[in-house]
Structure formats: structure tokens, C-alpha cells
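**Q** Encoded as C-alpha cells, here's the structure I'll be asking about.
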Amino acid sequence: MLNKAIRSPGQTDLDSASLRFHQIVCVVLSPNHPVGPVESQRIDRLSGEPPSPRCNVGWLHQVDKDSVLWQDMKETNTEFILLNLTFPDNFPFSPPFMRVLSPRLENGYVLDGGAICMELLTPRGWSSAYTVEAVMRQFAASLVKGQGRICRKAGKSKKSFSRKEAEATFKSLVKTHEKYGWVTPPVSDG
51 MLNKAIRSPG QTDLDSASLR FHQIVCVVLS PNHPVGPVES QRIDRLSGEP PSPRCNVGWL
111 HQVDKDSVLW QDMKETNTEF ILLNLTFPDN FPFSPPFMRV LSPRLENGYV LDGGAICMEL
171 LTPRGWSSAY TVEAVMRQFA ASLVKGQGRI CRKAGKSKKS FSRKEAEATF KSLVKTHEKY
231 GWVTPPVSDG
């Protein structure tokens, strides 16, 4: 299910030889699945937002060690990529809204506000058969395939992604893709 135990994102094996999720951590923040005060404060601090009933935070720990993102993570001592997933009331029949919280990323299909450009996160591309783990795996693959990098530009790298900006960007990209279509990569691209 969506509920997994809270683990500290401090233990990371950045020497992973393949794109895989040794650990996927989703913390459910809802009255039905409360977290302790220490974990709650930590999540608030990391996400910059108070918890909402259908909101999860996930840590992506490992990416392909041959990728530029892995090199960036190693050089900047970044242990994980923090993600925010918000589930609609009719989940799994509608997709979650997923965005990057930190670090600030460039390329890799991560857009303004941390919005993620993936067809499977849209109503048209979503299937109720998708699991959260499958969505996160696809995101990790897209991040590496799209040459995602940790932003190092002065000033910009410290600026937080915002939810409003992510939602506006996502709505705009969905509208654009509905008009012009999505590009399906060749099978040889994985």
C-alpha cells in the first residue's frame, strides 16, 4: 500500500550500479495515519508546507551511477531527491500530482516549481493499475534520460520550488501536450 515506515534518508548508496529503488519511502500525512512530532517537524521543514490530508513525501535515494545526476549528487553531497505527491479523493482512478521539493533540479523533465513533465501523471496518460513505486521508477528513469542536473547557479540553487508555481506549470504543459501531443520515445530508448 501507500504506507511505508519512515526511514531516515541519511543512509544512501550512491554507488548503485543500476537504476533501482532500494528504498522508496512514502510518509502518509493524514489524520488516519499520523506521524510523530519529530517526523512531522522534519517533514514540514523539508517540504516548506504544512501537511495536508492526501499529501505524501517520498525520498528518491538512488539513480544510475553513470548519470550526470549521480555525479552531481555525489559532488554536492546530496543524499536524496525529495518529492511531494498529492492524491486526489478518487485515487487510484485519477493520477497524483507529483513534484520535486528539493534539491532544485534543471532538465530531466523537471520544470518551474518542481513540476514534472510525464504523460502518465495526466488524466489521459494515467491508469489505475499504476502503483506509486512504478510512478517513482518512471520518474527516476525520465530524470536520468532527460539529463537532470542539480542546479548550481548562484541564487537560483537556493530558491525553493513552490506548489503554486508547480501547479500552474503543470496545467500549462498539459494544455500544450493536449494541443500538440506527446512524444513517444523509440523502444530502443528504454
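For the sequence shown, my numbering gives the first residue as 51, with consecutive numbering after it.
Ideal placement from N, C-alpha and C gives every residue a C-beta, glycine not left out.
Below 6 Å CB to CB, which residues in the same chain sit around Ile131 once its five sequence neighbours on both sides are set aside?
**A** Only Leu110 meet the Cβ criterion.
**Q** How many angstroms separate the CA atom of Gly86 from the CA atom of Trp232?
**A** Unreliable positioning characterises Gly86 in this predicted model, as indicated by a pLDDT of 48, which lies under 50. A coordinate reading is not provided.
**Q** Can you tell me whether DSSP reads Thr136 as helix, strand or coil?
**A** Three-state result, Thr136: strand.
**Q** Suppose the cutoff is 6 Å on Cβ atoms and the five residues either side in sequence are ignored; what does the same chain contact list for Phe147 look like?
**A** Hits under 6 Å: Thr136.
**Q** Would you mind reading off the limits of the alpha helix (DSSP H) that contains Met123?
**A** Val118 to Glu125 is the span of the alpha helix (DSSP H), which, as asked, contains Met123.
**Q** So, does the segment 216-233 touch the segment 178-198, judging by three or more C-beta pairs under 8 Å?
**A** They do not touch, by the three-pair rule.
**Q** Can you name the residues that DSSP bridges to Leu171?
**A** Note: Leu171 sits in no beta bridge, so no partner.
**Q** On a CA-only basis, which of Phe143, Glu156 and Glu169 is nearest Ser210? Give me that one, please.
**A** Checked all of Phe143, Glu156 and Glu169; the closest Cα to Ser210 is Glu156.
**Q** Between which two residues does the beta strand (DSSP E) holding Ile149 run?
**A** Residue identity check: residue 149 is Arg in the sequence provided, not Ile. Unbroken beta strand (DSSP E) run through Arg149: Phe147 to Ser152.
**Q** Going by DSSP, what residue range makes up the alpha helix (DSSP H) through Phe189?
**A** It spans Val182 to Lys195 - the alpha helix (DSSP H) in which Phe189 sits, taken as one unbroken run.
**Q** Using 10 angstroms around the beta-carbon of Phe220, count the other beta-carbons present and answer buried if the total reaches 16, otherwise exposed.
**A** The residue is buried, with at least 16 neighbouring Cβ atoms inside 10 Å.
**Q** On the CB-based measure, 16 or more other CB atoms within 10 Å of its CB, does Ala165 come out buried or exposed?
**A** Looking at its Cβ environment, which holds 16 or more other Cβ atoms inside 10 Å, Ala165 is buried.
**Q** With respect to the alpha helix (DSSP H) encompassing Thr226, which residues constitute its N-terminal and C-terminal limits?
**A** Taken as a continuous stretch (DSSP letters only), the alpha helix (DSSP H) holding Thr226 covers Arg213 to Tyr230.
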